[in-house]
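Heads up, the thing below is written out as structure tokens.
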Amino acid sequence: MKFAVLSALIIPVAGHGWVGSIAVAGKTYQGNGLGTSGSASCIRQVDTNSPVTSVSDPNLACGPNAQLAQDVANANPGDSIDVNWVSTAGAWFHDVGPLLTYLASCGSASCTQFDASQAMWFKIQQSGRDANGWVQAELNSGAPANFTLPANLAPGNYLLRHEIIALQNGVSPGGAEFYASCSQLVVAGSESGGPTQSELVKLPGAYSATDPGILVDVYTNPNAPYTFPGPPIAAFVAQGGGGGNAPASPATTPAQPQPSAGTTSPSKTPTLSPPAAPSASGTCVLRRNVLTPKKQWHRSLRNLAFFSK
Ligand SMILES: *[C@@H]1O[C@H](CO)[C@@H](O)[C@H](O)[C@H]1NC(C)=O
Ligand SMILES: [Cu+2]
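Taking mature numbering (1 follows the signal peptide of the UniProt record, and there is no 0), I'd label the letters of the sequence shown as residues -15 to -1, 1 to 294.
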């Protein structure tokens, strides 16, 4: 009975996620618990796992009420970085939408006192879909997001901003969920790469609620090219290597199976509980990737009345 299967798989989950740790060139730096600052960390701790849902919210910079952290992580140009997103359910569980990475110079002083609202950000990396689908879904296995610092990055104090945009409700204005996390780095070496003035942006500021990568239906046309929000990756990154930029919509992406007409009959709609609103209740809907093909499952949900609101 199809309805029973569907409702069993829609599991409301209290809360969403945050960054539990990062690793720089294989060295792990732990974060503190939500809203705590127990031990020195290089990760600016947020106080809730809920997303930011407004592109003009000051918390877009580093996540909800992110606090200055006491420590910095030592890094070198070209270092591999892992960002380990976790949730109350264990691993990160959203699976559609991009991952983006920005840096901002903290100036001549350590980032431990740097006010993120003053940051001028430049983008060094972004991942959309690869041949297996959204790269974000890789996090569901507990894998970290991973990328490299630009190989020619000039030395200095940098705030590293990693961001997940979860787009399962992106079809509605205000439905996109923004998760950002900032970590404090000091980069050594003697490289000289950096952004141009025109590549620097403010956050909030660089995104609009109607950007094609923010107000977007990712289910109806799963292979449609995805347009990343924000500035392009700073040009020096491509020149020097690093950055680890996954393509947004490779030509090799296999065609997804299309649901047959009438897969979801209107009569079934009222018997399903609607998902929580993206921001109102602090809960969100976990859709496990149990049914195959997965994209057909998502598509089926999208066709229900409450998903097209
Ligand atoms: C980790 O890095 C590999 C190699 O660049 C890439 O294919 C993969 O998508 C990355 N995973 C995440 C979640 O960033
Ligand atoms: Cu969520």
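Glycine included, C-beta positions come from ideal geometry on N, C-alpha and C.
If you're wondering where the values come from, they're calculated on a predicted model, not measured in any experiment.
Spatial neighbours of Ala151 within its chain, please: CB distance less than 6 Å, with the 5 preceding and 5 following residues excluded, ordered by chain position. Excluding the 5 residues flanking it on each side, Ala151 has same chain C-beta neighbours closer than 6 Å at His79, Gly82 and Glu162, in chain order.
Nearest-angstrom Cα separation, counted from Tyr211 out to Leu200: Between the alpha carbons of Leu200 and Tyr211 lies a distance of about 11 Å.
Whole-Å CB distance - Cys96 paired with Asn142, under 8 Å assumed: So it is a contact: roughly 5 Å between Cβ atoms.
Quick check: does the Cβ of Asp115 come within less than 7 Å of any heavy atom belonging to ligand 1? Answer for Asp115: yes, Cβ within range of ligand 1.
Could you check the C-alpha separation between Asp202 and Val40 for me, to the nearest Å? Taking the straight line from one Cα to the other gives about 18 Å.
Could you give the distance in angstroms between the alpha-carbon of residue 301 and the alpha-carbon of Thr205? This structure gives no information on residue 301, because the portion of the chain shown stretches from -15 to 294.
Ignoring anything shorter than 3 residues or poking outside the segment 33 to 69, list the beta strand (DSSP E) runs there in chain order. Inside the segment 33 to 69, DSSP marks whole beta strand (DSSP E) runs of 3 or more residues at positions 58 to 60, from first to last along the chain.
Alpha carbon to alpha carbon, how far is Val171 from Ser102? Give it in angstroms, no decimals. Answer to the nearest angstrom: the Cα atoms are 19 Å apart.
Can you give me the C-alpha to C-alpha distance between His283 and Phe132, rounded to a whole angstrom? Because His283 carries a pLDDT of 35, less than 50, the predicted location of this residue cannot be relied on, and the following value inherits that uncertainty. Roughly 28 Å between the two C-alpha positions.
With DSSP as the reference, please indicate the residues paired to His147 in a beta bridge. Looking at the DSSP assignment, His147 forms a beta bridge with Thr86 and Ser166.
With 16 other CB atoms within 10 Å as the buried threshold, where does Asn50 fall? Asn50 is exposed by the Cβ-count criterion.
Rounded to whole angstroms, what is the Cα-Cα separation between Ala76 and His1? Per the coordinates, the alpha-carbon of Ala76 lies some 10 Å from the alpha-carbon of His1.
Taking C-alpha atoms, which residue in Asn34, Ser166 and Cys91 lies nearest to Ser6? Of Asn34, Ser166 and Cys91, the residue nearest in Cα terms is Ser166.
In this structure, does DSSP put Ala8 in helix, strand or coil? DSSP places Ala8 within a strand segment (E or B) once states are collapsed to three.
Is it buried or exposed for Asp64, if we count other Cβ within 10 angstroms and need 16 for buried? Counting Cβ neighbours within 10 Å, Asp64 comes out buried, since at least 16 surround it.
Comparing alpha-carbon positions, which option in Gln52, Asn69 and Val186 lies nearest Asn125? Minimum Cα distance to Asn125 is reached at Asn69.
Please report the residue range of the beta strand (DSSP E) in which Gln110 lies. Start and end: Trp106 to Ser112.
Own chain residues within Cβ distance below 6 Å of Tyr87, not counting five before or after: So the qualifying residues of the chain are Trp106, Lys108 and Arg146.
Those residues which DSSP pairs with Gly75 across a bridge: For Gly75, DSSP records a beta bridge to Ser72.
Can you find a heavy atom of ligand 2 that lies under 7 Å from the Cβ of Pro36? Because some heavy atom of ligand 2 lies under 7 Å away, the Cβ of Pro36 counts as near it: yes.
Backbone secondary structure at Thr13 - three-state DSSP: Here Thr13 carries a strand assignment [DSSP, helix/strand/coil].
Do Ser22 and Gln30 count as a contact pair if the criterion is CB distance below 8 Å? Yes, the Cβ-Cβ distance between Gln30 and Ser22 is below 8 Å.
How would you label Gln55, buried or exposed, when you count the other beta carbons within 10 angstroms and need 16 or more for buried? Per the 10 Å Cβ criterion, exposed.
Nearest-angstrom Cα distance between Tyr192 and Gln121? The alpha-carbon atoms of Tyr192 and Gln121 are separated by roughly 20 Å.
Contact defined as beta carbons within less than 8 Å: I believe Thr38 pairs with Gly159. What is the distance between those atoms, to the nearest angstrom? So it is a contact: roughly 5 Å between Cβ atoms.
What is the DSSP secondary structure of Lys294, counted as helix, strand or coil? Since pLDDT at Lys294 reaches only 30, below the 50 mark, its modelled position is unreliable, and the value read off the structure follows with that caveat. Of the three classes helix, strand and coil, the one that applies to Lys294 here is coil, per DSSP.
Suppose the cutoff is 6 Å on Cβ atoms and the five residues either side in sequence are ignored; what does the same chain contact list for Leu188 look like? Contacts found: Leu45, Ala46 and Trp106.
Any non-hydrogen atom of ligand 2 within 7 Å of Glu162 CB: For Glu162, the shortest separation between its Cβ and any heavy atom of ligand 2 lies below 7 Å.
If contacts are defined as beta-carbon pairs under 8 Å, then Leu144 and Ala89 qualify, I think. What distance do you get, rounded to the angstrom? The pair is a contact, with the Cβ atoms about 5 Å apart (cut-off 8 Å).
Between Pro62 and Gly190, how many whole angstroms is the CB-CB distance? I'm expecting something under 8 Å. With a Cβ gap of about 27 Å, Pro62 and Gly190 do not count as contacting.
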